[in-house]
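Here numbering that gives the first Met the number 0 is used: the first residue of the sequence shown is 0, the next is one more, and so on.
Ideal Cβ positions, reconstructed from N, Cα and C, are used throughout, including at glycine.
Have a look at the structure below before the remarks.
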Amino acid sequence: MKLLLVDNLILPEKGSLAAMDVHPHMGLLALAAAAEAADHETVIYDPKWRLRGGHLAYDETLYETVANELLAIKPQCVGFTTLGCSFLFALNVASELKRREPDLPILLGGPHATMLHRPILERFTQFDLVARHECDEVIAPLLDALPSRRLEHIPGLSWRDGQRLRFTDGKPKVEDLDTLPFVDYDHYPVSELGLGLLRIEAGRGCPFMCTFCSTAGFFQRSFRLKSATRLVQELDALHLRYGLRDFKLDHDMFTVNRHKVLEFCEAVRGRGYRWRASARVDCVDEALLEAMANAGCVDLYFGIETGSARMQRLCQKRLDLTLVRPILHAAERLGIATTASFITGYPEEMQTDQDDTLDMIGRLHRPGCLTQLHVLAPEPGTPLFEQHGKALAYDGYGGPYNAELVTPADEALVLGHPDIFSTYHYFPATLPRVQHVFATEAVAMLRRLGPLVLRYLLRADSGRLSVLVNDWRRFFHSTGRLETLPGTEDLTTYIGHRFGPDHHLVSLARYALCLHAGGEERSGPATRPPEPFDPNRSYQLQPQAHVLTDLHDCEQVLSRIREGQSDGAMLDDAQFVERRSYLVMQRGAQSVSWDLERGTAYLVSMFEQPRRGAEVIDWMRESAGGEATIGIEFLATLAREQVLVAAARGETA
């Protein structure tokens, strides 16, 4: 049987299609390997790659176009994996497939379908079957039995049999992950994706009891880790096949079993690989971190979830918060970058709890630590959902990862089935919803200032991020903008309101926000080589390039801040008189800036709108009385540095 597996459609945090995460889906690769081991042809379709490459439009044509592409593959069976944030995509594409090919079996799997298998099948007839929990050992017998629909002997299934639903008992789980076949990454166009690293599935299952997490239930809280030998074999195979040395070990909680982690460190050390993983601060110590660093670990993700001891107990994360800073600082000393992730929006969260979380984020914000704050998303199958799921509310703010509502019917589905599209909704809470949303957006915006500038700004509030965020929120909402989200101009406006419009902090904020406009990605797609400059073509500034005029000497201010980091005092604004212009640009994961003369700044700013190179060269010649070749050389340099990029054909100012 020819099986077509369809990947999720998950949006990037920054909302840019160009930044979509197109890494191969580990679960689908594992299913493909299991199906192929039983001689079933398997194809994986990734809508994210198609969108990022411009093959799909993110508009009302999306679902029909994807269905066309899927049917062109001529599958005998289509399987969708599901998360709450991407179920809208799966639902609509499946509906289009079923409308055009009523007899095509459409299967569903993954955490969302597992938790909601009955209501999904009851309400949405485009789906024929849900395979619950882990399907690696189920997929082959399922495909074998699908033509006859004799499914009673296969555990963990829910399916449509005429007008009734049928179910088999069981929660399939792979006890020994080393027994799984090796996966084939060539199901994805790896060489075309421009990935700086590849992910491997290191294990499954988290034994902890956090009330907001759905993946623990999907994997039945059964912690499993592949053996060190198997993990190294997979890394070696990927290095040999693709030449990469950077990897992410996918596992919710890689460091739970210290002995197994040390075994892996011993096996992988000396191979020259750089790897990343997830951990809890109470499942590592400095000795383990040192062993991991020596074995190539360069990045660890820590889910802290809340800086409030009270909320740690209520959400059952149960971390000892006194461990957080020492562990993250130890990792930094050892050369391991860290991510510290937090959540706000818990139903019971009070002002002091949110303040504790914000203040911890402020204390952790350092060059080696990426801090994140997310609004709590209601997830089916969690204790929080069981307790508060009947009270879901909707305000249109879906967070950064939910699939967009591209048709009026999408919003009708979200509003009509809140239990199924719960991630688009929220739990009513003690604090106002706007306060959770603003805090999340404010932290993301303030993070773009960079550690040095943010920590300097916090000097005005004794280092407390909560004081800064709450004051900014009150100012922002005093303008009557309760329904809008803060942007970069709102932050600089607030700083100008608080410190004065000509204060050096306003210049620093404008400079830093552009310097970090591309976010904090630690690896990303390779950039394309620039095309030769053609004066007859139209060019414009690339989206991550910004011309800033009439600023303080920001590099001088930053130098003074570094010199006085220990004293905690604000600098005297009167000492900064000189004004400058800058060209600031994000290049991959790095930022660069150039100090510009006033005339040069004006010239470069001309390309904020598409302009023909020859037009600007003529202007330069008339203004400076120089030869045209001087202009050509200068613009060619800007194009070579990718400050200027070719505009779409026909675009001019």
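Closest residue to residue i among the options (Cα-Cα distance)
{"i": "V466", "options": "L82, S147, I360", "result": "I360"}
{"i": "T491", "options": "L288, L481, H502, E482", "result": "H502"}
{"i": "E488", "options": "H387, L512, F301, R472", "result": "L512"}
{"i": "K225", "options": "Y184, L179, F246, Y241", "result": "L179"}
{"i": "F384", "options": "W158, H24, F211, T124", "result": "F211"}
{"i": "L363", "options": "A330, A376, K389", "result": "A330"}
{"i": "A18", "options": "P450, P485, P399, L30", "result": "P399"}
{"i": "A336", "options": "E285, M349, L375, R275", "result": "R275"}
{"i": "Q75", "options": "Y184, L582, D143, V505", "result": "D143"}
{"i": "D533", "options": "R165, V583, S592, L643", "result": "L643"}
{"i": "P118", "options": "Q564, A459, I419", "result": "I419"}
{"i": "G295", "options": "E285, C282, R273, R309", "result": "R273"}
{"i": "P529", "options": "Q353, T636, L453, G344", "result": "T636"}
{"i": "L34", "options": "L10, A89, C134", "result": "What sits at residue 34 in the sequence shown is Ala, not Leu. The option with the nearest alpha carbon to A34 is C134."}
{"i": "P23", "options": "L196, Q219, V173", "result": "L196"}
{"i": "H111", "options": "T254, V283, A215", "result": "A215"}
{"i": "K172", "options": "I138, V283, E151", "result": "I138"}
{"i": "V21", "options": "A29, A31, L30, L10", "result": "L10"}
Through-space distance from residue j to residue i, alpha-carbon basis
{"i": "A544", "j": "L16", "result": "18 Å"}
{"i": "V280", "j": "F301", "result": "7 Å"}
{"i": "N7", "j": "T422", "result": "15 Å"}
{"i": "H515", "j": "L445", "result": "10 Å"}
{"i": "A645", "j": "D549", "result": "28 Å"}
{"i": "S522", "j": "D102", "result": "Reliability of the predicted coordinates at S522 is poor, the pLDDT of 45 falling under 50, and no value is obtained from them."}
{"i": "A647", "j": "R536", "result": "9 Å"}
{"i": "L288", "j": "T351", "result": "32 Å"}
{"i": "P524", "j": "Q585", "result": "Only weak support exists for where P524 lies, its pLDDT of 44 falling under 50; the value from the coordinates is given anyway. Roughly 13 Å between the two C-alpha positions."}
{"i": "Q311", "j": "F426", "result": "18 Å"}
{"i": "L176", "j": "D249", "result": "13 Å"}
{"i": "F217", "j": "G567", "result": "48 Å"}
{"i": "S94", "j": "V77", "result": "12 Å"}
{"i": "I199", "j": "A292", "result": "19 Å"}
{"i": "A390", "j": "R244", "result": "48 Å"}
{"i": "V546", "j": "R51", "result": "27 Å"}
{"i": "L484", "j": "P346", "result": "22 Å"}
{"i": "Q162", "j": "M114", "result": "22 Å"}
{"i": "L456", "j": "L504", "result": "8 Å"}
{"i": "L304", "j": "G395", "result": "Here residue 304 turns out to be Glu, not Leu, going by the sequence shown. When rounded, the distance between both Cα atoms is 24 Å."}
{"i": "P140", "j": "I153", "result": "7 Å"}
{"i": "Q315", "j": "D358", "result": "21 Å"}
{"i": "E265", "j": "L164", "result": "51 Å"}
{"i": "T406", "j": "H424", "result": "18 Å"}
{"i": "K1", "j": "T80", "result": "17 Å"}
{"i": "G108", "j": "D354", "result": "39 Å"}
{"i": "I631", "j": "M619", "result": "10 Å"}
{"i": "G499", "j": "M569", "result": "14 Å"}
Residue environment, residue i, which counts as buried when at least 16 other CB atoms sit within 10 Å
{"i": "Q434", "result": "buried"}
{"i": "L145", "result": "buried"}
{"i": "T478", "result": "exposed"}
{"i": "H54", "result": "exposed"}
{"i": "P379", "result": "buried"}
{"i": "F181", "result": "exposed"}
{"i": "R480", "result": "exposed"}
{"i": "K259", "result": "buried"}
{"i": "D251", "result": "buried"}
{"i": "P431", "result": "exposed"}
{"i": "L194", "result": "buried"}
{"i": "A71", "result": "exposed"}
{"i": "G415", "result": "exposed"}
{"i": "V615", "result": "buried"}
{"i": "V591", "result": "exposed"}
Cβ contact (3+ pairs, closer than 8 Å) linking the region 318-338 and the region 399-419: no
Which runs of the alpha helix (DSSP H) at least 4 residues long sit entirely within the region 371-453? Give them in chain order. 382-387, 407-415, 432-446
Complete beta strand (DSSP E) runs within the region 560-586 (minimum length 3 residues, chain order): 578-586
Beta strand (DSSP E) segments (min. 3 residues) lying fully within the region 73-112: 76-80, 105-108
For the pair the region 198-211 and the region 61-69, tell me if three or more CB-CB distances fall below 8 Å. no
Within the region 198-271, ranges of the beta strand (DSSP E) (whole runs, at least 3 residues): 245-249
Decide if the region 35-49 is in contact with the region 434-453; the criterion is three or more beta carbon pairs, one per stretch, under 8 Å apart. no
Would you say the region 552-569 touches the region 607-625, given that touching needs at least three Cβ pairs under 8 Å? no
Where are the alpha helix (DSSP H) runs, 4 residues long or more, that stay fully inside the region 473-548, in chain order? 487-498, 503-514
Extract the residue ranges of the alpha helix (DSSP H) inside the region 296-353, only unbroken runs of 4 or more that lie entirely within it. 308-313, 323-332
Between the region 145-158 and the region 118-135, can you find at least three pairs of beta-carbon atoms closer than 8 Å? yes
Length at least 4, wholly inside the region 592-634: the alpha helix (DSSP H) runs in chain order: 597-604, 612-623
What residue ranges within the region 4-63 form continuous beta strand (DSSP E) runs of no fewer than 3 residues, ordered along the chain? 41-44
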